[in-house]
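J.: Residue numbers (our numbering), protein chains in the order written: chain X, 56 to 465; chain P, 3 to 144.
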Amino acid sequence: MNYVIIGNSAAAIGCVEALRSSDPAGIITLISSEPHHTYSRPLISYLLQGKTDEERMKYRPDDFYQTNHVCAKLGCTVTKIDAKNQKVMTDSGETIAYSKLLIATGSRPFVPPMEGLETVKKQFHFMTLDDAKALEKALGPDQKVLIVGAGLIGLKCAEGILHRVQSVHVVDLADRILPSILDAEAAPRVQKHLEEAGVSFTLGASVKKFKANEAHLTNGEKVPFDIVVLAVGVRPNVELAKEAGCAVGRGIVVDENSKTTVANIYAAGDCTETVNAATGKTQVMALLPNAYLQGEAAGRAMTGGRDGFSTAIPENAIGFFGLHLITAGNYEGEADLVEDTETCYKKLFVKDGRLVGYMLIGDVHRAGIYTDLIRKKTPLASLDYDMLRKEPQLLAFSRTARDAMLAKSH
Amino acid sequence: MKRIYVNEDWCLGCHLCEYYCTFANSGLESMAYALKGKPLSPRIQVEEEGEIHFAVSCRHCDNPVCVKSCITGALSVEDNVIHCDTNKCVGCYTCIMACPYGCIMPATSGVIQKCELCTNNAHQKPLCVQGCPNEAIVFEER
Ligand SMILES: Cc1cc2nc3c(=O)[nH]c(=O)nc-3n(C[C@H](O)[C@H](O)[C@H](O)COP(=O)(O)OP(=O)(O)OC[C@H]3O[C@@H](n4cnc5c(N)ncnc54)[C@H](O)[C@@H]3O)c2cc1C
């Protein structure tokens, strides 16, 4: 067997590990544009913050490719997939044949048109290790930073650099921060915490134009800056798959075994669209755990396995300046505001007798018990919901369910 | 592989396992020094209400969703034990979001902590099991 993997991040690594658990002998070739050993993308903000370094950011040990007998072609880009002849072409002129191919090309920054953006000298994205290193060079105590986008990436960037610059101002068109994971009630709590740390915001407005070192916003505000970080959003890298004939919606279309619509081509991670198990609807998830689990499902399927990955849900665990939040699932159905105190905010969402989503801010302990109920679609009638809503705990489960958890091997 | 299992009917709710666990992971030689005047920070926790008591700690799952979800690569499986490289962990708590049993917890150091069956400390065998007065927590193959 000749396995070829395009990409070198969570989805790609998940695939390698699954392949090697059932096929020690097949040839694995991994090709990735980024020249680095596999690293944890989310850690780029922690790198600038000084909480990690390039060595500790490695997603797998130094000998990973060696131990798993992976031929890693790093700093090499696949330019074309020839699905008919089962070959990929690279920018170095190589042609590599595959029996099974994984596309794990991830996503790239999406930049909406903004007048005058081309005149901004110090502009950065915040997606890759190289982006972070380039941004780092520009940082300095006299620098004013404007971050466009108050999503996860923009705000993690703000946290990472705040102590190294004069100021950080964040602008977002949405009326609240983290609009995809927090509702209008929860977002201001987190925003207040970020403001207390020193980050400032303009929400409900976007950049109309950049003029010299000033951003003119749609609400009339003018924000001076030295550095601009563009963190508006990400788009799946689908072009290779599309050209190869794979069905593509917002992301590459895959089934629960990560199979695309073209024979012997699989896709996983941020470049795909997936069924959200909490809603049954298809969406681009763009989260690391899902990327790994999808990549792993691809690896299993390539070696003949059939137990795919069908429990993908949006799930986020993030912290900003010591404040932790965990959210999962979706916010349809009935909202149950369990706690709204100085130290803790907790809202659960129940639909058709099942937990479908939650938001926890502050106290996040044992959140996984809730996550598992969403993934497994456990009927709440089978447990003590009153007990569970107060605190995630195994006491809320039936004795039989608990014995299965604690008295049996998993 | 040998794992920790809990016999709910035999648990007295004495919480000794939490004390032994805190001591085992304190790095100190004396239990008194390890516990006196300090908050307990066990990796095993007793849940209880009325007549029901039982202890919960990492199940060391064969299909560990915490390891697969870990965004940094700090969690790994070493000789069937789920291990956290606290030097790599940044305390994002993705594993806390993922663990179905609620067995991973924040550590006072800012990262996370979990039961590693005492393979990560001087005791080498789970001290909670040795300290359980009623054999409600056992370490065996099942
Ligand atoms: C700052 C930041 C913070 C984040 N924080 C979190 C978080 O806290 N939790 C979370 O769950 N997720 C987080 N994410 C998202 C997470 O990083 C992604 O979901 C995850 O990296 C997706 O993995 P992937 O393998 O699908 O793709 P990617 O990590 O995007 O990797 C794709 C790789 O493919 C390579 N590639 C693309 N095209 C080609 C080609 N044609 N030829 C060769 N190679 C190619 C790219 O160079 C890249 O290395 C964060 C992201 C960022 C940027």
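Backbone N, C-alpha and C fix where the C-beta goes; we use that ideal spot for every residue, glycine too.
#1: How is X:Leu380 classed by DSSP in three states: helix, strand or coil?
#2: To test your reading of the DSSP string, which unbroken beta strand (DSSP E) runs of 3 or more residues are found completely within the stretch 392-451 of chain X?
#3: Distance check for X:Asp185 and X:Leu249, CA to CA, integer angstroms please.
#4: Against P:Cys19, what residues of chain X qualify as contacts under a CB-to-CB distance less than 9 Å, listed in chain order?
#5: Note down, in chain order, every chain P residue with its Cβ under 8 Å from the Cβ of X:Arg115.
#6: I want to check one thing, is the minimum distance from the CB of X:Ala159 to the heavy atoms of ligand 1 below 7 Å?
#7: Straight-line CA distance for P:Cys120 to X:Val225?
#8: With X:Arg421 and P:Gly104 assumed to form a contact (beta carbons below 8 Å), what rounded beta-carbon distance in angstroms separates them?
#9: Threshold first: 3 residues or longer. Then list the beta strand (DSSP E) segments lying entirely within the stretch 157-223 of chain X, N to C.
#10: What residue does the beta strand (DSSP E) around X:Asp5 start on, and which one ends it?
#11: Of all the options X:Met56, X:Gln141, X:Ile236, which has the alpha carbon lying nearest to the alpha carbon of X:Ile368?
#12: Please find out if some non-hydrogen atom of ligand 1 comes closer than 7 Å to the beta-carbon of X:Leu207.
#13: Whole angstroms are fine: how far does the CA of X:Ala213 sit from the CA of X:Cys301?
#14: Among all the DSSP beta bridges, which residues are the ones paired with X:Val225?
#15: I'd like to know if X:Met460 contacts chain P, where contact means its C-beta is closer than 8 Å to some C-beta of that chain.
#16: Report whether the distance from the Cβ of P:Thr96 to the nearest heavy atom of ligand 1 is below 7 Å.
#17: Which residue or residues does DSSP assign as beta-bridge partners of X:Phe119?
#18: Among residues of its own chain, excluding the 5 on either side of P:Ile98, which ones have a beta-carbon nearer than 6 Å to its beta-carbon?
#19: For chain P, check one thing: does any of its Cβ atoms lie closer than 8 Å to the Cβ of X:Gly161?
#20: Along the alpha helix (DSSP H) that carries X:Leu461, what are the first and last residues, could you check?
#21: Among the residues of its own chain, which have a CB less than 7 Å from the CB of X:Met357, if the five just before and after it don't count?
#22: Would you kindly work out how many angstroms separate the C-alpha atoms of X:His180 and X:Ala332, rounded to a whole number?
#23: Starting from the C-beta of P:Val1, find all residues in its chain whose C-beta is less than 8 Å away, skip the five residues before and the five after it, and write them out in chain order.
#24: Excluding the five sequence neighbours on either side, which residues of its own chain have a C-beta within less than 7 Å of the C-beta of X:Gly275, listed in chain order?
#25: List, from N- to C-terminal side, the beta strand (DSSP E) runs of 3 residues or more that fit wholly inside the stretch 245-316 of chain X.
#26: Give me, in chain order, the residues of the same chain whose beta-carbon lies closer than 6 Å to that of X:Arg305; leave out the 5 immediate sequence neighbours on both sides.
#27: Would X:Ile424 count as contacting chain P if we go by Cβ distances under 8 Å?
#28: Please return the same chain residues whose Cβ sits closer than 8 Å to the Cβ of X:Cys126, not counting the five positions on each side in sequence.
#29: Starting from the beta carbon of X:Pro243, find every residue of chain P whose beta carbon is closer than 7 Å, and list them in chain order.
#30: What do you get for X:His124, buried or exposed, if any count of 16 or more other CB atoms within 10 angstroms of its CB means buried?
#31: Which residue from P:Ile54, P:Phe25, P:Gln47 puts its Cα closest to that of P:Lys40?
#32: Check whether the Cβ of X:Ala67 lies closer than 7 Å to any heavy atom of ligand 1, and answer yes or no.
#33: Nearest to X:Val330 by CA position, among X:Thr316, X:Ile307, X:Ser365, is which residue?
#34: In the DSSP assignment, find the alpha helix (DSSP H) that holds X:Glu351 and state where it starts and stops.
#35: With a threshold of 7 Å, establish whether the CB of X:Gly62 neighbours any heavy atom of ligand 1.
#36: Curious, which full-length alpha helix (DSSP H) runs of at least 4 residues does the stretch 89-117 of chain P contain?
T.: Taking the structure as given:
#1: X:Leu380 falls in the strand class under three-state DSSP.
#2: If we require 3 residues or more, the beta strand (DSSP E) runs fully inside the stretch 392-451 of chain X come out as 400-406, 409-416.
#3: Distance between the alpha carbons of X:Leu249 and X:Asp185 is about 26 Å.
#4: Think of a sphere of 9 Å around the beta carbon of P:Cys19: no beta carbon from chain X falls inside it, the nearest being about 13 Å out.
#5: Within chain P, the C-beta atoms nearer than 8 Å to that of X:Arg115 come from Gly75, in chain order.
#6: For ligand 1, at least one heavy atom lies less than 7 Å from the Cβ of X:Ala159.
#7: Roughly 46 Å between the two C-alpha positions.
#8: With 8 Å as the limit, X:Arg421 and P:Gly104 qualify as a contact, their Cβ atoms being about 3 Å apart.
#9: Correct list: 162-165, 199-203.
#10: Look at the range of chain X in this structure, 56 to 465, and you will see that residue 5 of chain X is not part of it.
#11: For X:Ile368, the closest C-alpha among the options X:Met56, X:Gln141, X:Ile236 is that of X:Ile236.
#12: Result yes, Cβ under 7 Å from ligand 1.
#13: Whole-angstrom Cα-Cα distance: 37 Å.
#14: Looking at the DSSP output, X:Val225 bridges to X:Ile202, X:Phe256.
#15: Look at X:Met460: its C-beta is under 8 Å from a C-beta on chain P.
#16: Checking the 7 Å criterion, the Cβ of P:Thr96 is within range of a heavy atom belonging to ligand 1.
#17: Its beta-bridge partners do not exist; DSSP assigns none.
#18: If we look at P:Ile98 and ignore the five residues flanking it on each side, its Cβ neighbours are Ile106.
#19: Using a CB distance cut-off of 8 Å, X:Gly161 does not count as an interface residue toward chain P.
#20: Its alpha helix (DSSP H) spans residues 454-461.
#21: Excluding sequence neighbours, X:Met357 sits near Tyr58, Leu74, Lys155, Tyr321.
#22: Roughly 31 Å separates the two Cα atoms.
#23: Here chain P covers residues 3 to 144 and nothing more, so residue 1 of chain P does not appear.
#24: Here X:Gly275 has no same chain residue with a Cβ atom under 7 Å from its own Cβ, once five neighbours each way along the sequence are excluded.
#25: Listed in chain order, the complete beta strand (DSSP E) runs (minimum 3 residues) inside the stretch 245-316 of chain X are 254-258, 262-266, 269-272, 277-279, 282-285, 288-291.
#26: Answer for X:Arg305: Glu328, Val339, listed in chain order.
#27: Answer yes: the Cβ-Cβ gap between X:Ile424 and chain P drops below 8 Å somewhere.
#28: Excluding residues within five positions, the ones whose Cβ falls inside 8 Å are Ile82, Ile83, Thr84, Leu85, Tyr120.
#29: Those within 7 Å of X:Pro243 in chain P number zero; the least Cβ separation is about 22 Å.
#30: Counting Cβ neighbours within 10 Å, X:His124 comes out exposed, since fewer than 16 surround it.
#31: Among P:Ile54, P:Phe25, P:Gln47, the Cα nearest to that of P:Lys40 is on P:Phe25.
#32: At least one heavy atom of ligand 1 falls within 7 Å of the beta-carbon of X:Ala67.
#33: Checked all of X:Thr316, X:Ile307, X:Ser365; the closest Cα to X:Val330 is X:Ser365.
#34: For X:Glu351, the enclosing alpha helix (DSSP H) begins and ends at 343-357.
#35: X:Gly62 Cβ: within cutoff of ligand 1.
#36: Unbroken alpha helix (DSSP H) runs of no fewer than 4 residues, entirely contained in the stretch 89-117 of chain P, are found at 96-100, following chain order.
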